[in-house]
Amino acid sequence: MPDTASSITHHITFVPPNYTAYMNRLFISHTVGEGLVMTIENIMNRKSIRNYTGEPVHGAALEKLTAFINELNESAGIFGNKIRLQYIESNSDTGKLGTYGVIKGARSFFAAACKKNAYYYMEDVGYQFEKLVLFATGLGLATVILGGTFSRGSFSRAIGLKEDEILPLVSPVGYAGGKKSLLGRMIKSKSGDRKPWSELFFDGDLHTPLSESDEFAAVLEAVRRAPSAINAQPWRIVRDGGAGYHFYSAGKIEMNRADMGIALCHFEIAAAEKGFTGQFQVLEQNNVENAKYLISFVRG
Numbered sequence: 070m071p072d073t074a075s076s077i078t079h080h081i082t083f084v085p086p087n088y089t090a091y092m093n094r095l096f097i098s099h100t101v102g103e104g105l106v107m108t109i110e111n112i113m114n115r116k117s118i119r120n121y122t123g124e125p126v127h128g129a130a131l132e133k134l135t136a137f138i139n140e141l142n143e144s145a146g147i148f149g150n151k152i153r154l155q156y157i158e159s160n161s162d163t164g165k166l167g168t169y170g171v172i173k174g175a176r177s178f179f180a181a182a183c184k185k186n187a188y189y190y191m192e193d194v195g196y197q198f199e200k201l202v203l204f205a206t207g208l209g210l211a212t213v214i215l216g217g218t219f220s221r222g223s224f225s226r227a228i229g230l231k232e233d234e235i236l237p238l239v240s241p242v243g244y245a246g247g248k249k250s251l252l253g254r255m256i257k258s259k260s261g262d263r264k265p266w267s268e269l270f271f272d273g274d275l276h277t278p279l280s281e282s283d284e285f286a287a288v289l290e291a292v293r294r295a296p297s298a299i300n301a302q303p304w305r306i307v308r309d310g311g312a313g314y315h316f317y318s319a320g321k322i323e324m325n326r327a328d329m330g331i332a333l334c335h336f337e338i339a340a341a342e343k344g345f346t347g348q349f350q351v352l353e354q355n356n357v358e359n360a361k362y363l364i365s366f367v368r369g
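Per the numbering used here, the very first residue in the sequence shown carries number 70; after that it's consecutive.
Take a look at the structure:
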């Protein structure tokens with residue numbers, strides 16, 4: 070396992086809907102081996118790659134991935150769920166790991182399994198899985214998160230999915246191939262678009278756009294760059310004076326819950342890098358029209 074140094078720390082408290090304390094945990098942004106770290110730069114450099122060389126991950130990169138997966142599997146997401154992350158390769162034992170023609174040339178994959186119907190499990194799947202994806206980006210590896218266009222049967226067999234588990238997300242991981250296919254170019258042309266700042270970030274309520282000169286601008290831009298299912302970008306964030314930021318979801322499908330976890334991951338990494346400290350807390354906030362309250366970042 071690589072040496073791990075704690076670079077930035079901040080506390081996160083989760084309070085469930087009855088508003089009694091549930092747990093207090095310490096989250097750490099890791100610097101892992103040789104200066105590798107999940108950073109805003111990783112977030113900005115991450116791209117969704119659908120064409121691969123066919124070469125599985127090997128050498129030092131595979132060793133570091135394996136060690137980091139072990140770390141993540143010992144930790145939990147913001148809402149306390151442990152997610153079972155696994156690296157797998159398509160071979161004679163696993164059989165072909167199908168992606169319905171959306172992915173070309175991939176031999177190795179990440180998979181995320183979790184307990185069925187655990188409290189906020191999809192949000193924690195997205196949160197933990199994105200950490201792994203960004204770590205792989207820091208190693209120079211290509212990925213793309215898949216929530217629907219893969220054969221759950223073949224992947225379930227490959228990871229030994231248990232009866233009480235589901236398999237929400239997988240991603241190829243490896244070395245980017247050459248020219249994109251026509252399908253890849255079509256998907257890429259749509260997935261690269263991002264909603265404008267004024268549709269995602271607000272001041273005081275969900276009707277007043279937040280100034281792009283806000284002190285959390287770099288943190289929120291990291292959120293804006295997050296990937297999402299069908300490019301829905303469901304996150305809506307409301308600044309509450311100087312006290313913090315409330316997260317709402319405008320998602321309309323189940324997979325958008327994982328997207329919210331990805332957004333929280335980006336927010337956490339960027340806020341820690343910029344030196345902001347605070348707690349994630351579930352507060353007594355009302356849902357609003359077309360958006361459901363999820364959690365808040367309270368400065369402190």
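Even for Gly, the Cβ is constructed at its ideal location relative to N, Cα and C.
Just so you know, these numbers come straight off a predicted model, no measurement behind them.
Worksheet item: Using DSSP with H/G/I as helix, E/B as strand and the rest coil, what is Y188?
Response: coil
Worksheet entry | As assigned by DSSP and simplified to three states, the class of N160 | coil
Discussion item. Check this for me: beta carbons of T122 and Y244, under 8 Å apart or not?
Written reply: yes
Discussion item. What ranges does the beta strand (DSSP E) occupy inside the stretch 341-366, keeping only unbroken runs of at least 3 residues that lie completely in it?
Written reply: 347-350
Worksheet item: Between which two residues does the alpha helix (DSSP H) harbouring I228 extend?
Response: 221-228
Fill in: Beta-carbon spacing of L210, F224 below 8 Å
no
Worksheet item: Among S282, A286, F285, L203, which residue has its Cα nearest to the Cα of L141?
Response: L203
Worksheet item: Just the Cα atoms here: how many angstroms apart are I306 and F179?
Response: 29 Å
Worksheet entry | CA-to-CA distance, V288 to H99, given in whole angstroms | Confidence at H99 is low in this model, with a pLDDT of 33, below 50, so its placement is unreliable and no value can be given for it.
Practice prompt. Note down the Cα distance separating A136 from R326, rounded to an integer number of angstroms.
Written response: 27 Å
Practice prompt. Kindly indicate which residue of I299, A319, D233 has the alpha-carbon position closest to the one of G216.
Written response: I299
Worksheet item: Who are the Cβ neighbours of S240 in its own chain at under 7 Å, not counting the five residues just before and after it?
Response: F178, F179, V202, T212, V213, I214, L215
Discussion item. So, at 6 Å on beta carbons, what are the nonlocal neighbours of V151 in its own chain, with the 5 sequence-adjacent residues on each side left out?
Written reply: Here residue 151 is Lys; the residue named in the question, Val, does not match the sequence. Answer for K151: A145, listed in chain order.
Worksheet item: Quick one: what does DSSP say V239 is sitting in, helix, strand or coil?
Response: strand
Worksheet item: Who are the Cβ neighbours of G313 in its own chain at under 7 Å, not counting the five residues just before and after it?
Response: G347, S365, F366, V367, R368
Worksheet item: Bridge partners of L215, per DSSP?
Response: V239
Discussion item. Between which residues of its own chain and L279 is the CB-CB distance below 7 Å, once the five residues before and five after are set aside?
Written reply: F270, F271, D272, R308
Worksheet item: Exposed or buried, which one is A322 when buried takes at least 16 other CB atoms within 10 Å?
Response: According to the sequence provided, residue 322 is Ile. The question's Ala does not apply to it. By the 10 Å Cβ count, I322 comes out exposed.
Practice prompt. With DSSP as the reference, please indicate the residues paired to K173 in a beta bridge.
Written response: N120
Worksheet item: Under 8 Å between the Cβ atoms of A182 and I112?
Response: no
Worksheet item: Whose C-beta lies closer than 6 Å to the C-beta of S258 among residues of the same chain, with five residues either side of it excluded?
Response: Unreliable positioning characterises S258 in this predicted model, as indicated by a pLDDT of 49, which lies under 50. The coordinate reading is nonetheless provided below. Nothing listed; no residue qualifies.
Worksheet item: So what's I306 in DSSP terms, helix, strand or just coil?
Response: strand
Worksheet entry | Presumed contact (8 Å Cβ cut-off) between K173 and R119, rounded CB distance | 7 Å
Fill in: Residue from V357, G310, W304 whose Cα sits closest to the Cα of E192
W304
Discussion item. Does the distance between the C-beta of Q350 and the nearest non-hydrogen atom of the ligand SAH fall short of 7 Å?
Written reply: Ligands are entirely absent from the displayed structure, and the ligand SAH is therefore not among its contents.
Fill in: alpha helix (DSSP H) runs contained entirely in the stretch 259-334, provided each spans 4 or more residues
286-293
Worksheet entry | C-alpha distance - E268 paired with G128, whole-angstrom precision | 44 Å
Worksheet item: Exposed or buried, P125, counting other C-beta atoms within 10 Å across all chains shown (16 or more means buried)?
Response: buried
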